[in-house]
Structure formats: C-alpha cells, structure tokens
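All remarks here apply to the structure that follows.
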Amino acid sequence: MESADSRLFIAERFRRALPTYEKYAVAQQKISNRLISLAEKYLPTETELEQVLEIGCGSGMLTRALLNHYSVYRYTLNDLYPEAFEYLQSNSGGVSFEFICGDAEQLSFEKSHYDLVISASTIQWFKDLSSFFSQIASAIKPGGYLLLSTFAPDNLCELNSLIGQKLHYHNCNELSRMLTSHYEVLEVLQEEIVLHFANPMEVLKHLKYTGVTATESATPNYWTPKSLKQFIQDYKTRYSETANSKKVRLTYKPIYIVARKPL
Numbered sequence: 001m002e003s004a005d006s007r008l009f010i011a012e013r014f015r016r017a018l019p020t021y022e023k024y025a026v027a028q029q030k031i032s033n034r035l036i037s038l039a040e041k042y043l044p045t046e047t048e049l050e051q052v053l054e055i056g057c058g059s060g061m062l063t064r065a066l067l068n069h070y071s072v073y074r075y076t077l078n079d080l081y082p083e084a085f086e087y088l089q090s091n092s093g094g095v096s097f098e099f100i101c102g103d104a105e106q107l108s109f110e111k112s113h114y115d116l117v118i119s120a121s122t123i124q125w126f127k128d129l130s131s132f133f134s135q136i137a138s139a140i141k142p143g144g145y146l147l148l149s150t151f152a153p154d155n156l157c158e159l160n161s162l163i164g165q166k167l168h169y170h171n172c173n174e175l176s177r178m179l180t181s182h183y184e185v186l187e188v189l190q191e192e193i194v195l196h197f198a199n200p201m202e203v204l205k206h207l208k209y210t211g212v213t214a215t216e217s218a219t220p221n222y223w224t225p226k227s228l229k230q231f232i233q234d235y236k237t238r239y240s241e242t243a244n245s246k247k248v249r250l251t252y253k254p255i256y257i258v259a260r261k262p263l
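Take the sequence shown: its letters are residues 1 to 263, numbered as in full-length UniProt numbering.
Put into structure tokens, the structure is as follows:
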C-alpha cells in the first residue's frame, strides 16, 4: 500500500523527469501508440469525443497522441503535481485543457460524464485498483470506454532480480476479474518491449530521466561505490545480449485494458 509520503516521492520523481522524459521514454512512447491503436479498433477516428478524462497525464505524450487521431471537445487532465499541467499547456499548440490536480483514487469525478477515460502507465501505483475501477465506472457515460495500460508482475525483471524493488503488479486474469462487475471487458492483453542499452549505467540513466520506477534505485544516494560496481558486474553477467556483446537489455511487460460501460 502506498503512503502519502510515497505518493509525494512518486510525484517528485516524475516532476524532476519532466524535461527529459520524452527523450528517454522509448517504451512509454510505444505504449501510448499501442493504446491509440486499440482506441481506433473500437472508436473510429471520425468519432468526436465530447468529454475525455486522462489519468496521470505527465508530459502529455498520450494526450498529444490522442489529439492527433481524435477531435475532443473537452479534455480533462489529471496528475499528482501541477507542473505537469504547466508543462503540457506550454507544449500543447494552443489546445485548451481542464486540469484536476491530485490523487485520482481520492478525487470525485462527475457522474456519467466521460465518453472515454484513458491512462498510460499510471494505475500500477494505485493502492486499491478494484475500488478505482468501481469509482471511475460511475464517471463514465453508459456505452463509454475505459482504456488503460499497466504492467505485468514480471515487468523490469532484470532490474528487480538484482535490487529486489518492485511494485505489486496484477496479472491479466486478476485485472479481468476486477473489471467484470462494472464493465464489458473487451480486451486485456500483455506484450513485451525489450530495450537495449550500451551498459548498465545507461539503464540507470534511463530510469532516472523517465522517473519510471520512482524508487530510490534511480537516485545517486541509493548506491555506494561497492554496490554500484557489483550491480554493473551482475547486470552484465546476467543480461548481456550475447556472450560477446557489451549491450544489455531491460524488459517492459505492458498490459492493455479495453472495457466498456454497459448501456
């Protein structure tokens, strides 16, 4: 369970990563693109979305991707920290948004209001996902859609095997069971995104500049010279591309959810 202090830590990690996020967030860009392709499968691009809510908007990567494919009359953004909105608004090309700052699990949204609730790589931080699914269902119009991504239990398996820090992720079956009480579950599917880095230090740089783990392992003070040297050695030994390769890998395991609120 996430405490208030840990939520502040998460917000601070992502706030600091805002200027560098999109340059380094290669996996997150792929995830955003995949979400849009799933949206197009169920919502033709000529569909005009009257009300959209995005949970965890961050730098606006998913926001811009959606707006490149759909016309949205009113776009409501949410995140833990106000700097996300300031950053997005200054890079929005003149699009006007409404911003709701705060923990989405604690906020009250308008009833039966949204045609689409969308979120990329955010709900894995939530402490009670089943409760959130129930809560947000009441904010979606009958026939409206919930489109999300999260991560599978073995996400970032290389990193977690070495430092032992990970979130509690739900698998596809668990997510489906949570959704069935309130939605017609259209798709819950898992994919794999493998990134390649020149060395383990580049892996840590990637984590730092995306805020993606929001754990202390992505901060300089976490490491001693001895522990960092051991981490680099172990990472190379276990996760080099080939026996003769200096490159190492890091594996994301995104899960995508498409659900519809019954009419």
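Just so you know, even glycine gets a beta-carbon here, dropped at the ideal spot from N, CA and C.
Q) Are at least three pairs of beta-carbons, each pair with one atom in the region 189-203 and one in the region 248-259, less than 8 Å apart? A) yes
Q. Opposite Ala259 in the DSSP bridges: which residues?
A. Leu146 and Val185
Q: For the region 56-70 and the region 126-137, state whether three or more C-beta atom pairs, one from each stretch, are separated by less than 8 Å.
A: no
(Q) Alpha carbons only, please: which of Asp103, Glu86 and Ala104 is nearest the one belonging to Ser96? (A) Glu86
Q. Given Glu105, which residues of its chain have a CB within under 8 Å of its CB, disregarding the five upstream and five downstream residues?
A. Phe126, Lys127, Asp128, Ser131, Phe132 and Gln135
Q. Taking the alpha helix (DSSP H) that residue 312 falls in, what are its first and last residues?
A. No statement about residue 312 is possible, as the shown extent of the chain runs from 1 to 263 and does not include it.
Q: Determine the DSSP secondary structure at Glu191, reduced to helix, strand or coil.
A: coil
**Q.** Exposed unless 16 or more other CB atoms sit within 10 angstroms - verdict on residue 267
**A.** Residue 267 lies beyond the range of the chain shown here (1 to 263); nothing can be said about it.
Q. When the Cα atoms are used, what is the spatial distance from Glu174 to Ile257?
A. 12 Å
Q | Residue from Gly102, Leu148, Pro44 and Gly164 whose Cα sits closest to the Cα of Tyr81 | A | Gly102
Q | Endpoints, alpha helix (DSSP H) assigned at Ile232 | A | Pro225 to Tyr239
Q) In angstroms, rounded to a whole number, what distance separates the CA positions of Ser108 and Lys229? A) 47 Å
Q. Going by beta carbon distance, what residues of the same chain come within less than 6 Å of Thr150, once the five residues before and after it are set aside?
A. Ile123, Gln124 and Ile255
Q. When DSSP builds the beta bridges, which residues end up paired with His196?
A. Arg249
Q | Boundaries (first-last residue) of the alpha helix (DSSP H) holding Glu40 | A | Val26 to Tyr42
Q) Looking at Ala39 and Leu147, is the spacing between their C-beta atoms short of 9 Å? A) yes
Q: Answer yes or no: do Gln28 and Thr210 have a C-beta to C-beta separation smaller than 9 Å?
A: yes
Q: Would you kindly report the start and end of the unbroken alpha helix (DSSP H) that includes Cys172?
A: Cys172 to Leu179
Q. Candidates Ile118, Glu83, Lys111 and Gln233: which alpha carbon is nearest Tyr75's?
A. Ile118
**Q.** Spatial neighbours of Ser245 in its chain, beta-carbon cut-off 7 Å, leaving aside the 5 residues before and after
**A.** none
Q: Answer yes or no: do Ala259 and Val185 have a C-beta to C-beta separation smaller than 9 Å?
A: yes
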